[in-house]
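Per this note's numbering, the very first residue in the sequence shown carries number 80; after that it's consecutive. One structure below.
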Amino acid sequence: MPDRPGSLRERDGADVVEVSKRLHAAGMTDGLPVVPPTVERVEAMLHARDPKRVIETLPPLFREVTVEDVAICAVLAGCGPEHMPALLAATRAVAAPEFNLLGVTTTTGTTAVGMVLHGPYAEAVGAGSGTNCLGPGNWSNAVLGRALALVLRAAAGAAPGIVDMSTMGQPAKYGFCFAESSVAALPPVPLPTAGGVGAVTVFASSGTVEVVDSHSVDPLGLLETLASAMPTPGTLHAERGRLGSGHPVVVIPPEWAQRLAGAGLSRMDITSFLHRESTIPIERLAAAQRDAVTDDVRACGRIGTVDSPDSILLVVAGGIGTKATYIPTWQGGSLPCTRTITDD
C-alpha cells in the first residue's frame, strides 16, 4: 500500500528526477515528475493552518486526511498557496456520502473525479473556462486537478491495481479541473455563484463525448442535437431503468449559452428539455439488455439517461465554436457535490 504523505519533507536542492522516482516507487505519485516537498514549500502551502487538523476521513481506506496531507499533495502537483483553499474544499466535497467515494475509487469502471470551479475565486487564480478548458494549457486547472487526484491516491489510499481496480482507466485520472465561464451565464445565476463566493463542485466522470452542431438555426435545434448524443445503449443500468448514471454533466460553450438565453430559455428550460428528449426506443438495446430492463421500461417502450431535470449539472464553459461536451458520470451511483471555498 502507498505510504501516507504525512510529514514527508525533502531537502532543498533535491534532484527532481530522483525524488519523483522514489516517491513513485513508494506508491505516492502518478508517474509524472513531482515538485520536491521541501520544508519551505510545505510551510508556504500550509500558510499558518494547523497541519494536524483532520479535514475528513476519506475512503477507500477510511484514513483521516489532514491539512498537512493535502498541502504535501498540493506541493507535489505544482500548486501555489493560492490553490490550497480550493483543494481543501474539494477534499471536503468528495467526502460527502452522496458522492460515494468508496465506490468511485474502487470500481472497475473508468471513473475519474472531476472538479468545476465557480465564481470569483476561479477568476482570482486564473482558472481556465475558455478555449481548451477541459484540456492542457491552464496552470490552475492542471495543478488543481492533479493535486486532488494525488490526495485520493496518496492520502486516501486509492492505489491503482491494489485498491483502484479500473479495468481501463482514463486520462482524466491524472487530473480533471476546469472553471465555469462568467462571460455568458444562463439565467438564473448558478447556485454556487449566486452568493458572490467561490465554490467547487466535484463529479465522477466516465469520460467525455464531443457534441457538434454547426447546422441548427433554431436554438432548440442545438438541444435536440445534444439530447440525441446522450443515450448510450452500452451503459444500461437495468435496475434503475436508465442508460448511465442518470446524473450527467453537460458543458455548453458561450456561443450556445448566448443563443439559448437570447431565445428566452432558462437553465430549467434546458435541463427539462434534455431530460424529456434524451431517450431511445428499447429496440436500440442489445437483446440481452432488452431482457434485463424492468417491466415498466418495457411497457413504456423507451429508456432515458436522466433521472430528472435537476439531475443535470449544466455548466457554461469553452472557447469560440459550436462544440459542446457531454460528460456521463459513473453509473454505480455518485452525485455531484458542491462546497464553498474558504480560507480555512
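Glycine included, each C-beta is placed from N, C-alpha and C at the ideal position.
> Anyone know if the C-beta pair for residue 350 and residue 388 falls short of 8 Å?
Replying inline: yes
> In this structure, does DSSP put residue 132 in helix, strand or coil?
Replying inline: coil
>> Check whether the stretch 147-158 and the stretch 108-115 are in contact - that is, three or more C-beta pairs closer than 8 Å.
In response: yes
> When you compare only the Cα positions, how much space is there between residue 136 and residue 130?
Replying inline: 15 Å
>> Assess contact between the stretch 136-151 and the stretch 256-270, defined as three or more Cβ pairs (one per stretch) separated by less than 8 Å. Is contact present?
In response: Touching, no, given that fewer than three Cβ pairs across the two stretches are closer than 8 Å.
> Between which two residues does the alpha helix (DSSP H) harbouring residue 168 extend?
Replying inline: 163-173
> Assuming residue 54 and residue 410 make a contact with CB atoms under 8 Å, what is their CB distance in whole Å?
Replying inline: Since the first and last residues shown for the chain are 80 and 423, residue 54 lies out of range.
>> Can you check which of these residues, 393, 371 and 329, is closest to residue 406 by C-alpha distance?
In response: 329
> residue 289 bridges to which residues according to DSSP?
Replying inline: 404
>> What does the alpha-carbon distance come out to for the pair residue 342 and residue 263?
In response: The alpha-carbon of residue 342 is positioned some 14 Å away from that of residue 263.
> Considering only residues of the same chain and omitting the five flanking positions on each side of residue 377, which have a CB-CB separation below 7 Å?
Replying inline: Once the five neighbours on either side are set aside, the close Cβ partners of residue 377 are 361.
> Is residue 321 helix, strand or coil when you go by DSSP?
Replying inline: strand
> So which of 344, 234 and 283 has the shortest CA-CA distance to residue 188?
Replying inline: 283
> Comparing alpha-carbon positions, which option in 276, 384, 363 and 184 lies nearest residue 352?
Replying inline: 384
> Where does residue 126 fall in DSSP's three states?
Replying inline: coil
>> For the structure I just gave you, are there three or more beta carbon pairs, one from the stretch 234-252 and one from the stretch 201-210, closer than 8 Å?
In response: no
> At what residues does the beta strand (DSSP E) containing residue 282 begin and finish?
Replying inline: 278-284
> In whole angstroms, what separates the C-alpha of residue 240 from that of residue 229?
Replying inline: About 15 Å.
> When we look at the beta-carbon of residue 90 and count the other beta-carbons within 10 Å, is it buried (16 or more) or exposed?
Replying inline: Residue 90 should be labelled exposed.
> Going by the CB atoms, is the gap between residue 408 and residue 316 shorter than 8 Å?
Replying inline: no
> Which term fits residue 176, buried or exposed, when burial requires 16 or more other beta carbons within 10 angstroms of its beta carbon?
Replying inline: exposed
>> Nearest by alpha-carbon distance to residue 365: which of 312, 374 and 338 is it?
In response: 312
> Helix or strand or just coil, what does DSSP make of residue 191?
Replying inline: strand
> Taking the alpha carbon of residue 307 as the point to measure from, which residue in 354, 267 and 276 has its own alpha carbon closest?
Replying inline: 354
> From the DSSP output, which residues share a beta bridge with residue 379?
Replying inline: None, per the DSSP bridge assignment.
> Mapping DSSP to helix, strand and coil, what is residue 239?
Replying inline: strand
>> Between which residues of its own chain and residue 166 is the CB-CB distance below 8 Å, once the five residues before and five after are set aside?
In response: 149, 152, 153, 158, 223, 226, 227 and 230
> Between residue 246 and the rest of its own chain, which residues show a CB-CB distance below 7 Å, the 5 nearest in sequence each way excluded?
Replying inline: 187
> In this structure, what does DSSP give as the bridge partners for residue 358?
Replying inline: 383
> DSSP three-state call for residue 81: helix, strand or coil?
Replying inline: Any reading at residue 81 needs caution, since the residue's pLDDT is 47, under 50, leaving its predicted position unreliable; the model's value is listed next. Look at residue 81 here: in three-state DSSP terms it is coil, with no helix or strand label.
> Are residue 279 and residue 196 close, meaning C-beta to C-beta below 8 Å?
Replying inline: yes
>> Using DSSP's beta-bridge definition, name the partner residues of residue 315.
In response: 322
> Distance, Cα to Cα, residue 400 vs residue 296?
Replying inline: Straight-line Cα distance between these residues: approximately 15 Å.
>> Could you give the first and the last residue of the continuous beta strand (DSSP E) run that contains residue 418?
In response: Residue 418 -> beta strand (DSSP E) spans 416-419.
> Cβ of residue 370 within 8 Å of Cβ of residue 320?
Replying inline: Cβ distance not < 8 Å, so residue 370 and residue 320 don't count as in contact.
> What number of angstroms, rounded off, separates the C-alpha of residue 337 from the C-alpha of residue 169?
Replying inline: Per the coordinates, the alpha-carbon of residue 337 lies some 30 Å from the alpha-carbon of residue 169.
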